[in-house]
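Top to bottom, those sequences are chains A and B. Numbering-wise (the UniProt record's numbering), the first sequence opens with residue 1 and increments by one. Numbering-wise (the UniProt record's numbering), the second sequence opens with residue 1 and increments by one. Shown next, in structure tokens, is the structure this report addresses.
2 protein chains.
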Amino acid sequence: MRHARLPAPEEIALEDVFHALSDPFRLDVVRRLAAEGEASCQALEGDRPKSSVSHHFRVLREAGLIRTRNEGVTRMNALRRDDIERRFPGLLACILTAKED
Amino acid sequence: MRHARLPAPEEIALEDVFHALSDPFRLDVVRRLAAEGEASCQALEGDRPKSSVSHHFRVLREAGLIRTRNEGVTRMNALRRDDIERRFPGLLACILTAKED
DNA sequence: TCGATAGTTCGATATTTTTCGAACTTTGGC
DNA sequence: GCCAAAGTTCGAAAAATATCGAACTATCGA
């Protein structure tokens, strides 16, 4: 399985991060990963077909927000907390503490 | 001139803010407004036709990031710093301090 | 009242994203 | 080796955005 490229910490671009987070599903995934640590794609899919879920995880991965590792037959996704924090201090906190209503 | 609706502070949605900021031109406008205080659309346009510039300002306005007031024949745009800060603490700081290489 | 200036709105086209099924890949278990 | 599970990739179609010219609007000044 060819590994999806994930940007080096210093390559993470704010525009890409913002674009990735501008989708409600993806924003939710980020929040749940922050809360739950790691999760398989399946655990976070919300009724969508696999190909859609896969697409959204790819956007998050290419934006530099998550990292994916193989664990047996599943792929575990985790937030790149430290990398994000180092590149854009405060961003994550801001996303996670934002009270939506 | 019908006034563009701008969302009340508590209506500002993180998704919309992120979408607005995912465009390089708009992100730049926000940064420059933060640095310069207020500016006319013209002052910030980068060679684009007026209709494009106007479109981007509208996206920023509707996302709740800027406020526009008439000053004579021009329209002055300003960041809604306090509203943004109150709704999403730290977001603005995070955008402005992000060192893009 | 006429111009000029600064934007806005409209409409059409182009570009980008999203969505989803089908086929494919990888890994683990039997 | 074969099968199932979990994703990925591909391709096509739908939806959302962006771009830009042209026409329109509002305000100021002469």
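Glycine included, every Cβ here is placed at the ideal spot set by N, Cα and C.
Next item on the list: Put Phe88 (chain A) into one of helix, strand or coil per three-state DSSP.
Entry: coil
Item checked: Contact between the segment 47-61 of chain A and the segment 17-27 of chain B (3+ Cβ pairs under 8 Å) -> no
Check: By the 10 Å Cβ neighbour count, where 16 or more other Cβ atoms means buried, how is Ala63 (chain B) classified, buried or exposed?
Finding: buried
Next item on the list: State yes or no: is the C-beta of Thr74 (chain B) within less than 8 Å of the C-beta of Ser52 (chain B)?
Entry: no
Margin query: Once DSSP output is grouped into helix, strand and coil, what is the label at Pro9 (chain B)?
Written below: helix
Checklist line | Per-residue contacts from Gly90 (chain A) into chain B (C-beta, under 7 Å) | finding: Gly90, Ala93, Cys94
Next item on the list: Step through the CB atoms of chain B and report whether any lies within less than 8 Å of the CB of His56 (chain A).
Entry: no
Item checked: Contact set for Arg67 (chain A): own chain, Cβ-Cβ below 7 Å, skip 5 residues either direction -> Leu6, Ala78, Arg80
Check: What residues from chain A crowd round Leu14 (chain B), counting only those whose CB sits closer than 8 Å?
Finding: Leu21, Leu27, Ile95, Ala98, Glu100
Notebook entry, point to check: What do you get for Ile95 (chain B), buried or exposed, if any count of 16 or more other CB atoms within 10 angstroms of its CB means buried?
Noted result: buried
Margin query: Using only the alpha-carbon positions, how far apart do Gly72 (chain A) and Leu14 (chain A) sit?
Written below: 33 Å
Checklist line | Expected contact under 8 Å - CB spacing of Phe18 (chain B) and Ala98 (chain A) to nearest Å | finding: Actually they do not touch by this definition, with Cβ atoms about 11 Å apart.
Note to self: Restricting to runs no shorter than 4 residues, where is the alpha helix (DSSP H) found entirely within the UniProt domain "HTH arsR-type" (6-99) of chain A?
What the structure shows: 14-21, 24-36, 41-44, 50-63, 81-87, 91-97
Next item on the list: Measure the C-alpha to C-alpha separation of Ala35 (chain A) and Glu85 (chain A) and round it to an integer number of angstroms.
Entry: 16 Å
Next item on the list: For Ala8 (chain A), count neighbouring Cβ atoms within 10 angstroms of its own Cβ and tell me buried if that reaches 16, exposed if not.
Entry: exposed
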